[in-house]
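One line per chain: the protein sequences are A and B, in this order.
In this text, residue positions in the first sequence follow this note's numbering: the first is 1, and each later residue adds one.
In this text, residue positions in the second sequence follow this note's numbering: the first is 1001, and each later residue adds one.
This report refers to the structure that appears directly beneath it.
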Amino acid sequence: MKRIALILVVMALLAACVAPGGAPAASEGDADSAAVGSSEASGEPFRVAIVMPSSTEDIAWSQTMYDALRTVQEEMGGESAMTIAVSENMFQVADAAAAIRDYAADGNDLVIAHGTQYGNSMFEVARDFPETSFAWGTATDTGAEEGFENVFAYEAKAQEGGYVNGVIAAMLSQAGIIGVVGPVEAGDAKLYIDGFVAGVKATNPDAEINISYTGSFGDTALAAEAANTHIKAGADVLTGSAQQVVGAIGVAADNGVLWLGTQADQTPLAPDFVVANQLYDWTGVVKDMIALHKEGTLGGKTYVLTLIDGLKLQLNDNPAITDEIRAAAESAIAGIEAGEIDPMPAAE
Amino acid sequence: MFDELFTLSVLIGIAHSGIRLATPYLYAALGEMFAQRSGVLNLGVDGMMLMGAFSAFYVVFNTESLWLGVVVALLVGALMGLLMAVISVTMQAEQGISGIGLYLVGLGLSDLLFKKMVGSVVGVSGFSVLRLPVLSTIPVIGEIFFEHSALIYLAYLLVPVSWLVLNKTTFGLKIRAVGHNPEAADSLGVRVNVIRYATLILGGAMAGVAGASLSIGLLNVFQQNMTNGMGFIAVALVYFGGWRPFGILGGALLFSTVNALQLWVQVKGIEIPSDLAVMMPYILTILALAFAVRQVQQPAALTKPYERGG
């Protein structure tokens, strides 16, 4: 029996060392000497911790925020000015809740809960740590009505770039059939897809848009098969959302089908076939939250990325993107920015 | 509204997708079957697949040699199987717990290695479609069965091979004996733990190839947790298939074909909520499991460590 107990302990330790669901130990900057509590005093680095549902290099949702944190860190002067602690792959909300609490207790200045699903857990922790700033997204609720003053919320108007990608897709498609590889019919993905459909319909009302969901953000194999299915059903332009699309992009490239990306820059996966990406840039949001925190405002602000600020539509230098398409995309962007185009009409 | 689904091209598409999707499950479940038939439940399959997926990807990424990638994935999987054997056979740790531990090690380690050694998600050129001469020209049949890549053909070839090994060789007889009545096998001179080591290493190797079939066969990328729990479904398929190779083949094909069908249901815009559609393969598998009349016996010594005179 003793032997079994010993083995269990060893296994548990091994698991805790390498498992993504383990303790929030992965600190990018070595900050174990930092004082507990708020670190406004000069010389102390600003300490940010983030809990994310997938990995820092998922070329999707998680990576967009991690890249922004790294950019801000660099601008502030490296690890001596700002530290980043990361807990990746927190697909279990219970694990995430524990990590959020640990980070707050450990004296981080800003704790980011990078997923709508973490909201409830984060608010509970935020109540117990009124001196710590918290942020979560996709969300717009800072809990101000319930008396919270230390919570920021952020979201991206994914439908805006979705609309522009839709315009591009409608013009690219020779067959008039476009496939969408969706993850879960909710949140950021749903906003993107709704905008995409509106953009296609506004450009070519006769186009057929086939939408499928895999029911998961990380089912790479099923997403790839979904792309195969769309192509067999006649689609010659594809788009999709979440980290699962990496396999789908490969399938598109193998079949000579064009791809429109969202969230992060997906071009490196298939440089000849990824023709445009909607990019999320949270840098401004992170900077503003840090600045407000340093001034003593710990929360209460909601940030929304739009094409005017934070979202960028990257049109690749690809022969498929003709001058005509470029002009149409730019006019769609201008129309959305001016409020003349509603990227999500007839909200359901 | 369903008549749109029942056109020849759609049905061919469903069958073709189903065959392709079943591949990683087949490798992993056939390997797991050997382990379970010898009396060891290995729940670490998913972690072994992830390590196999990463190592195959990494080798191809650096050398572009596909078969070398498969061999390395096989060896890495075998090594993980050996580790499982040391823990669960020699040290006699509780099999379920040690399997989960091994899964977590594979999940974390593959991501860690990927971050340190590759860094960002990139594609490689994996196995391409190999149209079998003559056979692929048969109408319908050719399109469904003979337009796949090498690792897919190999997976299906392993079904009868596994059946032969299990039922027609001395090794297979020993595996079955050890899983059914280790005391009796031992008394006849079969070295119980040696057989269990062998099946765990074999199972690990096949889980490694299952991972390779994803990272350099079907998807041609590596991503953290890219198996998304496939290894656990593979374990379930072993039960579903009644610990028999052809039963596992049936289960894997059923699950994958329904998955392919639900994708077509969505793509064709048939008005079924997407959440319901993605549940279809799971619901149908559970139903089939519940209603199938069966008299299969679980290996009697499954999950029981063996100790002489114990």
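Using N, Cα and C, we set each Cβ at its ideal position, and we do this for glycine too.
These numbers were taken from a predicted model, which means no experiment stands behind them.
CA-CA distance, A/D236 and A/G179? 8 Å
Cutoff 8 Å: A/D219 Cβ touching any chain B Cβ: yes
Check whether chain A comes within 8 Å of B/V1221, counting only Cβ atoms and requiring the distance to be less than that. yes
Using three-state DSSP, classify A/I209 as helix, strand or coil. strand
For A/L260, tell me which candidate among A/P45, A/I112, A/G166, A/T116 has the shortest Cα-Cα distance. A/G166
Spatial neighbours of A/S55 in its chain, beta-carbon cut-off 7 Å, leaving aside the 5 residues before and after: S62, E88, N89
Pair within 8 Å by beta-carbon distance, B/K1115 and A/E57: Taking 8 Å as the Cβ cut-off, B/K1115 and A/E57 qualify as a contacting pair.
Is the beta carbon of B/L1027 sitting closer than 8 Å to the one on B/S1256? What sits at residue 1027 of chain B in the sequence shown is Tyr, not Leu. No, the pair does not count as a contact, with Cβ atoms beyond the cut-off.
Counting contacts by CB-CB distance shorter than 8 Å, is B/D1111 in contact with chain A? Closer than 8 Å: yes.
Between A/E301 and A/F152, how many whole angstroms is the CB-CB distance? I'm expecting something under 8 Å. The residue you asked about is not Glu; residue 301 of chain A is Lys in the sequence shown. Going by Cβ atoms, the distance from A/K301 to A/F152 rounds to 6 Å, so yes, they are a contact pair.
Taking only beta carbons into account, state which residues of the segment 179-198 of chain A come closer than 9 Å to chain B, listed in chain order. So the close ones are G179, G182, V184, E185.
Residue(s) in a DSSP beta bridge with A/M82: A/F46
is_contact[B/Q1266, chain A] using C-beta, thresh 8 Å: Using a CB distance cut-off of 8 Å, B/Q1266 counts as an interface residue toward chain A.
Given a threshold of 16 other Cβ atoms within 10 Å of its Cβ, counted over all protein chains shown, does B/P1273 qualify as buried or as exposed? exposed
Using 8 Å as the Cβ pair cut-off and three pairs as the minimum, do the segment 210-223 of chain A and the segment 180-192 of chain A touch? yes
Whole-Å CB distance - B/T1179 paired with B/R1020, under 8 Å assumed: A quick correction: the sequence has Gly, not Thr, at residue 1179 of chain B. So it is not a contact: roughly 32 Å between Cβ atoms.
Measure the C-alpha to C-alpha separation of A/V164 and A/F196 and round it to an integer number of angstroms. If I take the Cα positions, the gap works out to 7 Å.
Hey, B/A1056 and B/S1215: beta-carbon distance below 8 Å or not? yes
Suppose the cutoff is 8 Å on Cβ atoms and the five residues either side in sequence are ignored; what does the same chain contact list for B/G1096 look like? L1041, L1043, T1303
Reducing DSSP to helix, strand and coil, say where B/H1180 ends up. helix
Exposed or buried, which one is B/F955 when buried takes at least 16 other CB atoms within 10 Å? Lying outside 1001 to 1310, the shown extent of chain B, residue 955 of chain B is not represented and no answer is given.
Three-state class that DSSP yields for B/A1015 in the structure shown: helix
DSSP three-state assignment for B/S1120, whether helix, strand or coil: coil
C-beta neighbour in chain A for B/M1226, strict 8 Å: yes
Closer than 8 Å to chain A by CB, B/K1168: no
Checking 8 Å against the spacing of the C-beta atoms, do B/L1254 and B/A1290 come in under that value? No; because the gap between Cβ atoms is not below 8 Å, this pair is not in contact.
Using the Cα positions of B/Q1266 and B/A1277, report the straight-line distance between them to the nearest angstrom. 7 Å
Is there a Cβ of chain B sitting closer than 8 Å to that of A/H114, yes or no? no
Going by the CB atoms, is the gap between B/V1089 and B/A1212 shorter than 8 Å? no
Per DSSP, which one or two residues make a beta bridge with A/Y66? Paired residues: none, contrary to the question.
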